[in-house]
Amino acid sequence: MKNRGRVVTAFVLALSLAGCKGKEPRQAAEDSTSARSDSNGAPSAPIALPHAVETAEAEAEDIQVDIDQGAWPAAEAKLAVLRSLADSLAAQGVPGPRRAAFGSALDTLSAVIVAKSKAYALAAANRVSRIVTGMMAEYPTKVPSAVTYMDVAGRDALYGAQQSLWSEAAAAALEIGRNYAAVEAHVQARDSTLDRRVTSEIQQLQDAVGARSRGGAAKLAQALLDEVDLIEQTY
Numbered sequence: 007m008k009n010r011g012r013v014v015t016a017f018v019l020a021l022s023l024a025g026c027k028g029k030e031p032r033q034a035a036e037d038s039t040s041a042r043s044d045s046n047g048a049p050s051a052p053i054a055l056p057h058a059v060e061t062a063e064a065e066a067e068d069i070q071v072d073i074d075q076g077a078w079p080a081a082e083a084k085l086a087v088l089r090s091l092a093d094s095l096a097a098q099g100v101p102g103p104r105r106a107a108f109g110s111a112l113d114t115l116s117a118v119i120v121a122k123s124k125a126y127a128l129a130a131a132n133r134v135s136r137i138v139t140g141m142m143a144e145y146p147t148k149v150p151s152a153v154t155y156m157d158v159a160g161r162d163a164l165y166g167a168q169q170s171l172w173s174e175a176a177a178a179a180l181e182i183g184r185n186y187a188a189v190e191a192h193v194q195a196r197d198s199t200l201d202r203r204v205t206s207e208i209q210q211l212q213d214a215v216g217a218r219s220r221g222g223a224a225k226l227a228q229a230l231l232d233e234v235d236l237i238e239q240t241y
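According to my numbering, the sequence shown is numbered sequentially starting from 7.
What follows is the structure, given as structure tokens:
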């Protein structure tokens, strides 16, 4: 128990520091237009999303399913895959600061997986997802990064509600709304019913979090995660 306590304390400190350092880069990632220039200052052709980043995005999301189900050996296997991507991320041009943040987040995730601390492991794994989404935002993608950030924030809202971490849940609910605003016109043009439903559920989530309704907030966060899948299908 003493060892687990030290691990949890280390996790809280690491995640807090990551959050403080991550606010400005996160906004930069959301606002990124993936614009690049050649040596003469002229715009150059967009660079394709590196395969290693695609793999990291999928593994970082899938590992959360394993953690939620208590499938620790499977989670450890996915963590190993994520760690194995370090060289590929470097070779495929992912900037050093993003790779450093990725490695640090994996160290934190590894510690809480070893401790088999489900709540902390879910939060740590979603932190990895957020960092990878920042990587993706540097490249042209079929689905805008704002939609992927909705997915990440939806999980933050879900985990926050489940653990009654209301400040975290409130910040996540607001983040969902900000990112949906960036794609709402697109969704409205393609599926107005989906748009109305998402808009309503975002407001309901914010209200449920404000009321500290654990069950209601968790249910709405999950509903919005399902809606993100439908939004992705409009692209």
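Just so it is clear, CB atoms sit at the ideal spot from N, CA and C, and this is done for glycine as well. Computed from a predicted model, the values in this text were never measured in an experiment.
Spatial neighbours of residue i within its chain, please: C-beta separation below 6 Å, excluding the five flanking residues on both sides.
i	result
Pro56	Gln98
Met141	Val59, Val100, Arg104
Arg218	Trp172
Gly222	Ala214
Ala229	Glu207
Leu231	Gly160
Arg233	According to the sequence provided, residue 233 is Glu. The question's Arg does not apply to it. Excluding positions up to five away in sequence, the list reads Val204.
By a C-beta neighbour count over all protein chains shown, 10 Å radius and 16 as the cutoff for buried, is residue i buried or exposed?
i	result
Leu236	exposed
Tyr241	exposed
Asp201	buried
Ala66	buried
Thr199	exposed
Ala64	exposed
Arg196	exposed
Ile137	buried
Ala54	exposed
Ala1	Given that the chain is displayed from residue 7 to residue 241, the structure contains no residue 1 and the question cannot be resolved.
Ala143	buried
Ala224	buried
Given a cut-off of 8 Å, decide if residue j and residue i are closer than it, judged by their beta-carbon atoms.
i	j	result
Val204	Val153	no
Leu112	Val134	yes
Ala131	Ile182	no
Ala187	Arg220	no
Excluding the five sequence neighbours on either side, which residues of its own chain have a C-beta within less than 7 Å of the C-beta of residue i, listed in chain order?
i	result
Leu226	Glu207, Gln210, Leu211, Ala214
Asp72	Ala80, Ala81, Lys84
Asp162	Asn132, Glu174, Ala178
Ala96	Arg105
Thr61	Leu91
Glu238	Val149, Val153
Gly109	Ala92
Lys29	A caution first: Lys29 carries a pLDDT of 39, below 50, which makes its placement in the model unreliable, though a value can still be read off. Closer than 7 Å at the Cβ level, and outside the excluded window around Lys29, lies no residue.
Along the chain, where does the alpha helix (DSSP H) that runs through residue i open and close?
i	result
Arg220	220 to 238
Val87	78 to 90
Ile182	172 to 196
Ser135	124 to 142
Val158	151 to 168
Ala107	102 to 120
Ile69	57 to 74
Enumerate in chain order the residues of its own chain whose CB-to-CB distance from residue i is below 8 Å, with the five nearest sequence positions on each side excluded.
i	result
Asn185	Glu36, Ala152, Val153, Tyr155, Met156, Ala159
Asp74	Lys124, Leu128
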